[in-house]
Structures are given as C-alpha cells and as structure tokens.
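S.K.:
Residue numbers (my numbering): 8 to 149.
(1) Could you give the uninterrupted runs of the beta strand (DSSP E) lying entirely in the segment 11 to 78, keeping only those of 3 residues or more?
(2) Considering residue 116, what are the terminal residues of the beta strand (DSSP E) in which it resides?
(3) CB-CB under 8 Å to residue 57, same chain, minus the five flanking residues each way: which ones, in chain order?
(4) Whose C-alpha, out of 143, 119 and 116, is nearest the C-alpha of residue 108?
(5) For residue 87, which three-state DSSP category applies?
(6) Does the segment 118 to 131 come within contact of the segment 92 to 100, defined as at least 3 CB pairs closer than 8 Å?
(7) Residue 133 by DSSP, collapsed to three states: which one?
(8) Measuring straight from C-alpha to C-alpha, what distance separates residue 113 and residue 145?
(9) Could you please give me the residues that DSSP links to residue 146 through a beta bridge?
(10) Leaving out five residues on either side along the sequence, give the residues of the same chain with a beta carbon under 7 Å from the beta carbon of residue 31.
(11) Thinking C-beta only, is residue 68 closer than 8 Å to residue 133?
(12) Does the distance from the C-beta atom of residue 148 to that of residue 111 stay below 8 Å?
(13) Kindly indicate which three-state DSSP category residue 127 falls into: helix, strand or coil?
Quick look at the structure:
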C-alpha cells in the first residue's frame, strides 16, 4: 500500500520534451538541461541523462538524511562527507529497470557509528523509501 504524505512541504515541477533526447526545464528555471541517450545505449552521450539526474538526486537526498539522523543522534558528521551514487539501467522481462548503489564516505567517524547512521538514513531518506522493494539498492560504507 502506498504511503500517503501527511503534509506536502514542496513540489518540484519539470517540463520535459523529446524524452531521452530532449530537454528538461523546471518551472523556476533553475533546472534547464539538455538530455541525451548515453553512448552505451546507442546515443550521442552529449548531455546528461535520467540516470545521472536520479544519481544526483538520490545521493544529495541521502546525504541530507544522514545529516538529519546524525543530528538527532548527537553525532557530528565530518565536513568532507560524500556519497557516490551509481544508477544502472537494464532489461527485465517487462521492459527496463534500475539498480542503485551508494557508497558513503564518513572519514574519521568510527565505522560502527557510521554504519548505524547509514542504516538510519536509509529508513528516512525519501529516495530510499521510494525505491525500497522496487529495485535493487546497495548502500555501503567506503
């Protein structure tokens, strides 16, 4: 059963034309990107693609979730925290699907504490909640 939002805090609006070989523009103009099919999928690879945009969104959102749970647990996160995201696309019997891999770097933090933060962030991150049970997601500590 889908989770229903208790309250809408923000809604992003993006107008896309041309699909994977097109353009995506947000209603405020802050996002304005050309789109191109990656070379690996037979395209020109001359612009960003939906998988790169998803990777940027997931990694940024996950880092926000990490900082939030760290604050709640009274843990200081290092200034050089980083999340490397990889989003893969491939065929499945019904069409195509995605897989996600996040590698989290929390330098200087005890590995047990860092792993606890990662597991807690995975429970609250909106991208993690959206993908849970739908695609393969692998999150690890660097």
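No residue lacks a Cβ here, since even glycine has one placed at the ideal position from N, Cα and C. As the structure is a computational prediction, the values presented were derived from the model and not from experiment.
M.R.: According to the structure data:
(1) 21 to 24, 30 to 33 and 39 to 41
(2) Walking along the chain shown from the start, residue 116 turns up at place 109. Unbroken run through residue 116: none, as it is neither H nor E.
(3) As a first step, residue 57 is located in the chain shown; it is residue number 50 there, counting from the start. Correct list, in chain order: 27 and 42.
(4) The residue you call residue 108 lines up with position 101 of the chain shown. Residue 143 is the option with its Cα nearest to residue 108.
(5) Translated into the one-based positions of the chain shown, residue 87 becomes position 80. Looking at residue 87 - three-state DSSP - the assignment turns out to be coil, as it is neither helix nor strand.
(6) no
(7) By one-based count along the chain shown, residue 133 stands at place 126. In this structure, residue 133 counts as helix in the three-state DSSP scheme.
(8) Translated into the one-based positions of the chain shown, residue 113 becomes position 106. Translated into the one-based positions of the chain shown, residue 145 becomes position 138. When rounded, the distance between both Cα atoms is 17 Å.
(9) Looking up residue 146 in the chain shown gives position 139. Per DSSP, 109.
(10) For the purposes of this step, residue 31 is taken as the residue at position 24 of the chain shown. Counting only Cβ-Cβ distances below 7 Å, and skipping sequence neighbours, we find 21, 23, 38, 40 and 42.
(11) Counted from its first residue, the chain shown places residue 133 at position 126. Counted from its first residue, the chain shown places residue 68 at position 61. In contact: residue 133 and residue 68 (Cβ atoms closer than 8 Å).
(12) As a working mapping, residue 148 is identified with position 141 in the chain shown. As a working mapping, residue 111 is identified with position 104 in the chain shown. In contact: residue 148 and residue 111 (Cβ atoms closer than 8 Å).
(13) Residue 127 sits at position 120 when you count from the first residue of the chain shown. DSSP places residue 127 in helix when its eight states are reduced to three.
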